[in-house]
Amino acid sequence: MSTRKDLLKLVLMSATLDAASFENYFRSQGLRVGLVEIEGRTYPVEDYYMDDIISMTGFKADAYDSRSETLGQTIQKLGHRINYSLLNETISTIDLELSYQEKEGGILVFL
């Protein structure tokens, strides 16, 4: 016999989550669902993808290779591991761009 204390409590938080689909699912399972929605300000967001970053920074995967490599070759050489040199170059480039434009902003990196 389970008591109220034993019940699982799940908290989902997201700026882009479709809360209604989760709410409908848990209600269809006969569970009581509470929903709290907090309105907030949204800020403009710019997405940069790997090819954007490589073009923007001029990054080369192999700094010792004097031949020029294509964008595709650079991406291939990077593989699936986090390249901290590229990450550092990216943040520095965006920071420099923001300072030239005299803009305030933040950088959010998803790895």
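UniProt numbering numbers the first residue of the sequence shown as 1 and each following residue consecutively. Just so it is clear, CB atoms sit at the ideal spot from N, CA and C, and this is done for glycine as well.
task: Classify ASN83 as helix, strand or coil using the three-state DSSP reduction.
output: coil
field: Residue from GLN101, GLY58 and TYR100 whose Cα sits closest to the Cα of LEU87
entry: GLY58
query: Taking the continuous alpha helix (DSSP H) assigned at SER55, which residues delimit it?
result: 50 to 57
Residues near LEU71 in its chain [Cβ-Cβ closer than 8 Å; skip 5 each side]: ASP51, ILE54 and SER55
field: C-alpha gap between GLU104 and LEU35, whole angstroms
entry: 34 Å
query: Taking the alpha helix (DSSP H) that TYR25 falls in, what are its first and last residues?
result: 19 to 28
message: So, at 7 Å on beta carbons, what are the nonlocal neighbours of THR90 in its own chain, with the 5 sequence-adjacent residues on each side left out?
response: ILE53 and THR57
query: In terms of alpha-carbon separation, which member of ARG81, LEU12 and GLY106 lies closest to GLU37?
result: LEU12
message: Once DSSP output is grouped into helix, strand and coil, what is the label at GLN73?
response: helix
message: For PHE26, tell me which candidate among THR74, LEU10 and LEU111 has the shortest Cα-Cα distance.
response: LEU10
query: What do you reckon, are the CB atoms on THR42 and ALA61 nearer than 9 Å?
result: no
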